[in-house]
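Presented below is the structure to which this report refers.
Residue numbers (our numbering): 17 to 110.
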C-alpha cells in the first residue's frame with residue numbers, strides 16, 4: 017500500500033509529466049482517501065492561500081492515486097461524486 021508521502025511524490029511526478037492546466041501556482045490544499053485511492057484537492061495557490069477567486073478551477077477534474085499500484089488517474093469529477101463524498105480526510109501528520 018502506498019503511503020501518503022509516496023502518493024505526494026506520484027502526484028508531483030504526474031504533474032511534471034502531464035501539466036495540469038490551471039492559472040497560477042499548482043498547490044495541493046488537502047488530501048482525502050478511501051480503501052483504494054488517495055485524492056489530492058489541487059488548484060492554484062492563489063485561490064487556496066490568497067483567497068483570490070479569479071483563480072478558481074472550473075474544469076471538474078480530479079486526480080486519483082491508486083494505493084496499490086501508484087497509478088495516477090485524471091478523471092471527470094461528476095462521474096465519481098459518490099466515491100468522493102464517501103472519502104475521508106487524511107491525517108497529514110502520520
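No residue lacks a Cβ here, since even glycine has one placed at the ideal position from N, Cα and C. Only a predicted model underlies this, so the values are computations on that prediction, with no experimental measurement involved.
Inter-residue spacing [alpha-carbon to alpha-carbon] between residue i and residue j
i          : j           : result
residue 83 : residue 37  : 25 Å
residue 25 : residue 45  : 15 Å
residue 89 : residue 81  : 6 Å
residue 17 : residue 57  : 20 Å
residue 62 : residue 52  : 30 Å
residue 67 : residue 32  : 25 Å
residue 19 : residue 105 : 14 Å
Minimum C-alpha distance to residue i - residue among the options
i          : options            : result
residue 72 : 45, 60 and 79      : 60
residue 39 : 97, 69, 102 and 85 : 69
Counterpart residues of residue i in DSSP-defined beta bridges
i          : result
residue 91 : 78
Residue i, enclosing alpha helix (DSSP H) - first and last residue
i          : result
residue 99 : 97-102
Every unbroken beta strand (DSSP E) within the stretch 27-66, with a cutoff of 3 residues, ordered by chain: Segments of the beta strand (DSSP E) lying fully in the stretch 27-66: 42-49 and 53-60.
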